[in-house]
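Below is one structure; the comments refer to it alone.
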Amino acid sequence: MTLTLQIILVIAALLMTVFVLLHKGKGGGLSSLFGGGVQSNLSGSTVVEKNLDRYTVVMVIIWVACIVALNLIQAYAA
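Written as C-alpha cells, this is what we have:
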C-alpha cells in the first residue's frame, strides 16, 4: 500500500509540474499552440487554459491526498 501511494505521489508530482509549465504566462505559453489563440470575450481565458486549470487542480488534490495518506499510514504503523 505504501509503495503504491509513493508511486502515485511521484507520478502526480511530475504531471503537476508539466501542467504548471504548460500554463500561459505573460507571453503566450505552450497552451496557445493547441488552439489557445482565440480569446473568450466574457471570461478572458481559453478553453484550453480552463481545462489545463482543471487538470492541475485534480493533480494537486491527488498529490495532497497521497501525502496525507502516507503520513497517516506512517503514524499508525508504529
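Following the numbering used here, the numbering of the sequence shown begins with -17 at its first residue and continues without gaps. Ideal Cβ placement from N, Cα and C applies to all residues, glycine included.
With fewer than 16 other Cβ atoms inside 10 Å of its own Cβ, V2 counts as exposed. For the options M41, L34, L54, V42, the alpha carbon positioned closest to that of G7 is the one of L34.
In its chain, beyond the 5 residues on either side, A(-6), L(-3), M(-2), F1 have a beta carbon closer than 7 Å to the beta carbon of M41. One Cα belongs to R36, the other to V50, and the distance between them is close to 21 Å. Residue nearest to T38 within the set Q56, H5, L52, A57 is H5 (criterion: CA-CA distance).
Taking the Cα positions, Q56 is about 42 Å away from T28.
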